[in-house]
Structure formats: structure tokens, C-alpha cells
């Protein structure tokens, strides 16, 4: 059966499954939309949170970045898992005790100010839209390959499907659908990883395979061999650090606190049955996330190994050491068709040379006239991986279905968060308090449509690969939402003025820093400085700046609060209350 | 719950969170980033130790930490009689 037909079948079957479960569960759970997870076992709830959380960035993009960045990509691995510790210990239990539904509601009430609530809405929308841009890029890659169309057409099809999916609505709130999505996603990720690990190292567990010796009988460790191959071709060693230490530190921190500041993740913990559950369900969510996140380093390294060995078939510099273009495997041709992989025969020898021009100084003596793999989009690696390893077509179709599940579940969740913020917080709560529920629903659909158009348009020329774009969104959440919530719980002294000043300074500084290098509002051609290390402030890339924004946020909030009056008594008591799991008497109440 | 025990409960909570976050910081920012070069001199299997912490070890420890915290908080709640039904 051809790959296209198989892809339609597998993707269609998984869609049918989600819809079937959604319809069945809905009949039982009407009105439970917001309280997803109530009465659901914490383990299953963790699984659903995992599906909600792991997006196209985790599924499609991350292992590709790991493949090309090696050690430096650890920032994504640690950053997107370590944030759960902050969430479990600093935010989740207290927000559960507070007992409202949205992040902006908490901020509005804790800081007794509608302005604070609106500023929080602004921060939330900015971070979420950026996040959706990353998803659109990932979805575009998936559809372009599986339907055999260009990336641009792929993104257009993706926009239509996401729109239908999100407007259809409801599905997001149904925990059971997400459990199914998690199962599809993790199965689709693990199966090729296990096969590839077996082929390369003879060990079926990828986490162990990555640390094992090659199965070719050479006795050399897989990671050592990869280092050797790359260094021979002028690339930096896989396990070596390439980014500055400061940048690694700040980027990791930004992703961690961004994780704890993203509205669609935090919202899940508002709705668990008890404070106790809020603490442990973060743990269970991380268990299910960790299954993918500890597999990804193996997928990345092995994909890079297979790619290098496909092109460099013999000794570096020997006339027959490189594969002839006429003999490249099928996957190479099909990815070329999407425009995401490009080859140029610069020296006209009919063979492919893939190396680092700066690192391999002897290249000219081999008759090489430059690196001929002029474009290798990192986001294609996870999808191309099973093909490169020669796995059967049904596995490739399965990976496509997994990627779509990951991208859709997250994109839909974020779009609903954006729509709720616009229709509920801004329109109903502020500009047009008199609109009916029906009208509110209508506006929220318009908001979803608008957000998809913006994200899709910007996704055509994204500010980075899917995971990098998503990392920008984390920086924005890190610099604005996380500090505001954390200070709201851990300090009684921060007042309305301080919180507003903090959020504005944090978000503002981070946005400006990102726009300077990535273009104003991410529009191509409006960047003011080239996006490279020579121009970055202290060598910090735009993804890392969220940490600086967060620090500025804390400083601004404290300074302004200390210069102005203390929050009123009832707010200080509210803070005392959320710190204790059950309702207790106040001795100062008299 | 009186003002005094409320204050003590909160202080014990802060202490526990601080301890957990020290471990959180040491395994990721410490072993995985700041000390990655010296640790890479040690190998476990085919992994250099610093690299292993950055791409595997820290994640396992994060998971363990959350359950440790959640378990300890449960005990603290019981001790102060603020356990949920």
C-alpha cells in the first residue's frame, strides 16, 4: 500500500477514535467542561495533561533540534521538564486552593484590580499566539510530507483542520480524548525509536541504547562514534557544548519558569479535586512527559547518525566516500519535494558532500566546493527518521498521526485559551458587559479564526524552527505571568501597582528584545539587528531573554510596591487562606 | 488553626520547598550545565556523566522530587490537622 493511502487510513482512524470517545464521554459528562479531571484517577489525569502539554514542538521538532545541536539541546530537555517542579511546588496547590478557573481571574482578584487582569490577558494572548505560530509551522511540515504538497499548502490545510477542530470545541475538555491522544502519541514516538535503537545498538530500550556500543561489532560506544563522524566532517562534537554557558543557563531557566507560567498548563491544576491532588498530578504528568523526553535524546542522536551514514558512505575525502545523488534513497527525494531539504551539486561530481565549511579546512583538496546540503530543516528529522532507518510504511503513517495528535491537542487548547480571554475577560468583563452567552460564543469563534489567520500567516515565515518559536512563547510567559502569580502567593506586600508595573516591564522588555532580532510582530524584514551571537546583549539569544524579563519583573514589582501602600487587609487574608489546604478560622478576624 | 501554627506550617512548607529546589538546581544547572565539563571526564556506560545528567538524569530526578515533595506535604498537612477530607 502506498504511504499516502496508509497515512490517510491511520490518521483517519485516530480521528475517528477521538471523535467517538468525545461523543461517548460527552453524553456522560455534560456540564463538566471546566472540571475536566474531577473524579478521574490522578494517573489518567496526568496522562491527559501530558497530551495537552506535548505539542508539535516536543513531538516533531525537539528531537530534530537535538540531532543538530547535540548537548546544547539539553536546554529543551531540562527546561521543559524542570518547570513541572516549579509548578508543583510554587503554584499549583495554591491556585487550586484559590479555586477560580483562569489565570487572569487569579491575578485580577489577588491584585484587586481590573487593570491587572487586563494586563494579564494581554500577556496571556501574546504568549499563546506565539506558541500557536510554532504549532502551525510543525503542522505545515507534517501535512506537506504526508500529502506530498509544498510547505505553504501544508500550512494552509493545517489552518483549516485546526480551525474546524478548535471551533468544534469541547474535545479539549474531554479528558478521555486526551488520554487516547497521549496513547497514540507515545506509541507513535516509541515504536520507531525502539526499532532504530535495536538496529543501531542491539538494545531495545532507546534510553539505554544511546549509552551502548554499536551493534556493528566494532565495540565503540554509539555517542563516541557520532562524535568522531561529526568531527571528521568539520562539525563540532555531538556531546560538546557550543553555546555560551550563560546562554545555556538563561535559556534553561526561561523555559522552566515559562512552563510554570503558560495558561493552558496552569489551568489544568485549577480543576483537580483537591490540593493534595494538585501536588501529585504534576508528578504524574511529568512521568508521562518524561517517557517521551528521555526517548528524544536517543531519537535525535540516532537520526543524526543515520543521516550522516546515508550521505558519507565511505572515508572522508576518498573519491567514492560520498553517496551518488542518483542513488539516494526514496525519502531523500520525497523531502526534496517539500522544499524542506535542498541539495546543490556545487562541484558537479554527482555526489553529495555534507560537511561544515568552517571546520573542514582540507575540503578543497578533496575537490569539494562547499557544503552541498544547503537546507536541512530540523523539523523534518522525526518524520524522516523511520524512513531513513528503512522502517515499514505503516510506522511512518503512525508517526504522522502522532505528530498531528500532538499539534492539534495543544493548538486547540491554546486557541480556546485565547478565545476565552478575548470573549470572556475583555469583551464580557470589560468592553461589552451586556452581551448574551450566544454572542459571547460567536465572538470567541471569531477570535479563534483571527488567531489562526495570524498564526498561520506568521507560520509561513516563522521566527525559528517549531521548538525555537515555542521557546519564544515560553520566554514571554516566563517574563510576565509566572512572577505575577508567584509573588501573589509568596508575598503579601506586592500590591496592584507593583504587579502591573512588573508585568509591563517584564513582558515589554522581552518583547522588544525578541522583536529587535526576529522582526517587529515577527513580520519578515523588520528586524533591526541580525539574529546572531555578535549582536546579542551579553551573548543572550532571544529565547533566553525571558529570564532577564522575569528578573526585571520581580525588581519592578518590589520597588513599586514598596514605594506605594500595602495591599488591603482582605487581600492579605486571601493570601493567608490560599497557603493552607483547608478552610481555617482567622484569629485576627475579630 | 491559630496564627502561630499557621505561621509554623508555612515556614515548614517554605523549608521543604527550598530543600527540594536546591536539589532541582544542583542536578540541572549544577551537574548538567555548570559542572558538565569536569563530570564529562567520568563515564557511565557510553554516557559521559555530565551529558547524562543534562539529557537523562535530571529528568528522572525531577520526577522523583515532585513525588517526594507531595508525600512530605501530605505528612505536614496531617501533622497540622489541615488535611483534606
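Protein chains in written order, with this note's numbering: chain A, 1 to 590; chain B, 1001 to 1085. All residues carry an ideal CB built from backbone N, CA and C; glycine is no exception. Bear in mind the structure is a predicted one, so any value in this text is a computation, not a measurement.
| Item | Value |
| --- | --- |
| Beta carbon proximity, residue 245(A) to chain B, threshold 9 Å | yes |
| Against chain B: residues of the region 550 to 584 of chain A by CB proximity under 8 Å | 576, 579, 580, 581, 582, 584 |
| Where the region 1048 to 1063 of chain B meets chain A: residues whose CB sits under 8 Å from a CB there | 1048, 1051, 1052, 1054, 1055, 1056, 1058, 1059, 1060, 1062, 1063 |
| 8 Å contact criterion, which residue 166(A) and residue 446(A) should meet: CB distance rounded | Not quite, the Cβ-Cβ distance comes to about 12 Å (not below 8 Å), so this is no contact. |
| Top-ranked residue by Cα proximity to residue 106(A), from 193(A), 62(A), 269(A) | 269(A) |
| Nearest candidate by alpha-carbon position, reference residue 506(A), set 426(A), 434(A), 123(A) | 123(A) |
| Contacts that residue 1031(B) makes with chain A (C-beta to C-beta distance below 8 Å) | By Cβ distance, chain A contributes nothing, its closest Cβ being about 10 Å from residue 1031(B), past 8 Å. |
| Continuous alpha helix (DSSP H) stretch holding residue 373(A): start and end | No alpha helix (DSSP H) contains residue 373(A), which is instead part of the beta strand (DSSP E) from 373 to 376. |
| Assigned secondary structure, residue 77(A) (DSSP; H/G/I helix, E/B strand, else coil) | helix |
| 7 Å CB neighbourhood of residue 386(A) in its chain, flanking five on each side removed | 192, 395, 396, 399 |
| Within the region 364 to 442 of chain A, ranges of the alpha helix (DSSP H) (whole runs, at least 4 residues) | 381 to 388, 393 to 420 |
| DSSP-derived helix/strand/coil call for residue 465(A) | coil |
| The region 331 to 340 of chain A contacting the region 292 to 301 of chain A, beta-carbon criterion three pairs below 8 Å | no |
| Rounded C-alpha distance that separates residue 1077(B) from residue 51(A) | 31 Å |
| Residue 1084(B) at chain A interface by Cβ criterion, 9 Å | yes |
| Residue 389(A) beta carbon less than 9 Å from that of residue 195(A) | yes |
| C-beta neighbour in chain B for residue 35(A), strict 9 Å | For residue 35(A), the pLDDT reaches just 45, beneath the cut-off of 50, and the residue's location in the model is therefore unreliable, although a value from the coordinates is still provided. Not one chain B Cβ lies under 9 Å of residue 35(A). |
| One or two residues paired with residue 324(A) in a DSSP bridge | 351(A) |
| Closer than 9 Å at the beta carbon, the chain B residues around residue 207(A) | 1056 |
| Bridge-paired residues (DSSP) for residue 312(A) | 322(A) |
| Within chain A, partners of residue 1066(B) - CB distance below 7 Å | 84, 85, 88, 282, 283, 286 |
| Check whether residue 463(A) and residue 518(A) have beta carbons under 9 Å apart | yes |
| Beta-carbon separation (whole angstroms), residue 84(A) vs residue 1066(B), contact threshold 8 Å | 6 Å |
| Cβ neighbour criterion (16 or more within 10 Å) applied to residue 1071(B) | exposed |
| Nearest-angstrom Cβ-Cβ length linking residue 459(A) and residue 157(A), presumed shorter than 8 Å | The pair is not a contact, with the Cβ atoms about 12 Å apart (cut-off 8 Å). |
| Simplified DSSP state of residue 361(A), which is helix, strand or coil | coil |
| Proximity of residue 73(A) and residue 470(A) at Cβ, strictly below 9 Å | no |
| Residue-level contact to chain B via CB, residue 232(A), 9 Å cutoff | no |
| Sheet register partners of residue 1047(B) (DSSP bridge) | 1044(B) |
| Residue 221(A), DSSP secondary structure in three states | strand |
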